[in-house]
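Trainee: Position 42 (the sequence shown) corresponds to 42 in the numbering used here; numbering is contiguous.
Every residue gets a Cβ at the ideal spot worked out from N, C-alpha and C, and that includes glycine.
Owing to the predicted nature of the structure, the values given are computational and were not obtained by experimental measurement.
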Amino acid sequence: MLVKILIFVSVIFLIYIFFFKNKRKVEIQKHKEEKKTLEGDTMVECAQCATFITDKDAIIKDGQFFCSKECARLL
Ligand SMILES: [Zn+2]
1 MLVKILIFVS
11 VIFLIYIFFF
21 KNKRKVEIQK
31 HKEEKKTLEG
41 DTMVECAQCA
51 TFITDKDAII
61 KDGQFFCSKE
71 CARLL
């Protein structure tokens, strides 16, 4: 009887671990994707001409974002 209970408990435990691990994996994946899209699509405003550009294309000068080298030189 005790062995049966032990087996039952370990099966429940294994199922719990399995689902918990899967949930964690999905959450980590979700978090990664969110971070990725956030990094890819962050829009910043040019400090000179107020044009919106992605932070990848932006030129950072003195802590401010600029859309082009021309704008960065103007300030
Ligand atoms: Zn500009």
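Please say whether ALA58 and CYS46 have beta carbons closer to each other than 9 angstroms?
Mentor: In the sequence shown, residue 46 corresponds to position 46, counting from 1. In the sequence shown, residue 58 corresponds to position 58, counting from 1. Result yes, Cβ atoms of CYS46 and ALA58 sit closer than 9 angstroms.
Trainee: Is GLN48 helix, strand or coil by DSSP?
Mentor: For the purposes of this step, residue 48 is taken as the residue at position 48 of the sequence shown. In the structure shown, GLN48 sits in coil (DSSP, three-state: anything other than H, G, I, E or B).
Trainee: My output table needs one value for LYS32: the three-state DSSP class, helix, strand or coil.
Mentor: Locating residue 32 in the sequence shown gives position 32, counting from the first residue. If DSSP states are grouped into helix, strand and coil, LYS32 belongs with the helices.
Trainee: Got a sec: is the Cβ-Cβ distance from LEU14 to anything in chain B below 9 angstroms?
Mentor: Going by chain labels, chain B is absent from the structure shown, which holds only one protein chain.
Trainee: Mapping DSSP to helix, strand and coil, what is LYS21?
Mentor: By 1-based counting over the sequence shown, the position of residue 21 is 21. LYS21 falls in the helix class under three-state DSSP.
Trainee: DSSP three-state label for LYS69, please.
Mentor: Walking along the sequence shown from the start, residue 69 turns up at place 69. Here LYS69 sits in helix by DSSP.
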